[in-house]
Each structure stands twice: as C-alpha cells, then as structure tokens.
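Here the structure is laid out as structure tokens; the discussion comes afterwards.
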Amino acid sequence: MEKFVLKSSDDVSFEVEEAVVRQCKMLFPMVQDCAGRVCPIKNVTGEILEKVVEYCKKHVVVVHGGDSSSSSNSSSSSGDDLKKWDAEFISKMDLSTVLGVIKAADYLNIKGLFDLTGQRVADEIRACKGPRRDSQGERVGF
Numbered sequence: 039m040e041k042f043v044l045k046s047s048d049d050v051s052f053e054v055e056e057a058v059v060r061q062c063k064m065l066f067p068m069v070q071d072c073a074g075r076v077c078p079i080k081n082v083t084g085e086i087l088e089k090v091v092e093y094c095k096k097h098v099v100v101v102h103g104g105d106s107s108s109s110s111n112s113s114s115s116s117g118d119d120l121k122k123w124d125a126e127f128i129s130k131m132d133l134s135t136v137l138g139v140i141k142a143a144d145y146l147n148i149k150g151l152f153d154l155t156g157q158r159v160a161d162e163i164r165a166c167k168g169p170r171r172d173s174q175g176e177r178v179g180f
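Read in this note's numbering, the sequence shown has 53 at position 15, and its numbers run on one by one without any break.
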C-alpha cells in the first residue's frame, strides 16, 4: 500500500498509509498532487495532527470490491471496541486540544472525528449550564 508524509504547520512529519489518508475527504485528492508524496498541512500543528492521525489509524476502513469492511490489520476494531476507544481518546484531551482537533477535523473533512469532538464540546457546554447559585449556595433566578 502506498505511503504518504503529512507535514504539519510546525514541520512535524507523519508517515501514513493511503487508507488513513482516504478518511480525509479534503486531503486525499490533495496528497495525490503532492510532489514526492509529502503533503504540507498548513493549518494544523504537529500536536493536533498527531491526534488526527491517531484517530484515522484507529478508524481505517479498507474497501474490497465495493464493500466496506474493517481491515484485518491491528488498527481496525469492532464497533463496540471502537466506541470505547473513542470515549477514552476524547476524554484524555484537554479542552484546548479538543478545539484544535475539531478545527482540523472540519478543515480536513473527517466527519467521524468532527462529530466526536463536537459532542465533547456540547457536553462541556451542557456541564456549565446548571442552576445559578449565590455565594451561600442558594438558587438564584428562575
């Protein structure tokens, strides 16, 4: 399988297989045009691109004869295992990293990662919205 090198805005390089790049709807056509198979990702830092690559490697899907199925390599997982991995993956990130990853997922058009990070942001907002309390702990407002 063909390999590509993704280079972040701060010159951190990641070598990935074609199956990983195919998950990025915006990126795959772009890397085919990159000289020497090195593709600069100017809007994404190395720290964030590392998270994106980690997610994409875990979610690799190989297409065989028009049917999508999980690849037999070690980076593919069953649905339940993948949900568990996603939950752990997103919970380990601080909010600043989550916001960087959501921007990268949007820019690179990685729907699953965008949805996962978007849900984390929504959960954070929901956690902040609760009944308002005064300094003595009494509910205030309606």
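Don't be surprised by glycine CBs; every beta carbon is placed ideally from N, CA and C. Given the structure is predicted, the values throughout are model-derived calculations rather than measurements.
*Since I believe L65 is in contact with A142 (beta carbons under 8 angstroms), could you give me their beta-carbon distance rounded to a whole number of angstroms?*
Incorrect: roughly 10 angstroms between the Cβ atoms, too far for contact.
*Exposed or buried, which one is S51 when buried takes at least 16 other CB atoms within 10 Å?*
The residue in question, S51, is exposed, as its Cβ has fewer than 16 Cβ neighbours within 10 Å.
*asked:* Taking its Cβ as the centre, do 16 or more other Cβ atoms sit within 10 Å of G138, making it buried, or is it exposed?
replied: Buried is the label assigned to G138, since at least 16 other Cβ atoms lie within 10 Å of its Cβ.
_Bounding residues of the beta strand (DSSP E) (the contiguous stretch that carries V54)_ = Start and end: S51 to E55.
*Look at the Cβ atom of K45, then the Cβ atom of C77, and state whether they are nearer than 8 angstroms.*
The answer is yes: Cβ separation under 8 angstroms.
_Taking 8 angstroms as the threshold (C-beta atoms), are H97 and G150 in contact?_
Yes, Cβ-Cβ distance for G150 and H97 is below 8 angstroms.
*K96 in three-state terms, based on DSSP*: In the three-state scheme derived from DSSP, where H, G and I count as helix and E and B as strand, K96 is classed as helix.
*asked:* Taking the straight line between their C-alpha atoms, what separation do you get for C94 and Y145?
replied: Spanning the two alpha carbons is a distance of roughly 14 angstroms.
*Kindly indicate the opening and closing residues of the beta strand (DSSP E) around C77.*
Per DSSP, the continuous beta strand (DSSP E) segment holding C77 begins and ends at V76 to P78.
*Pull up the distance between the alpha-carbon of E56 and that of K167, whole angstroms please.*
Roughly 43 angstroms between the two C-alpha positions.
*Less than 8 angstroms between the CB atoms is what I'm expecting for V43 and R75, so what's the real figure, rounded?*
Indeed, because the Cβ distance is near 6 angstroms, the residues count as touching under 8 angstroms.
*asked:* Less than 8 angstroms between the C-beta atoms of E92 and L133, yes or no?
replied: If you check the CB distance, E92 and L133 do not come in under 8 angstroms.
*Who are the near neighbours of M131 in its chain, counting only those whose CB is closer than 8 angstroms to its CB and skipping five residues on each side?*
Beyond the five residues adjoining it in sequence on each side, M131 comes within less than 8 angstroms, by CB distance, of K89, V139 and R158 in the same chain, given in chain order.
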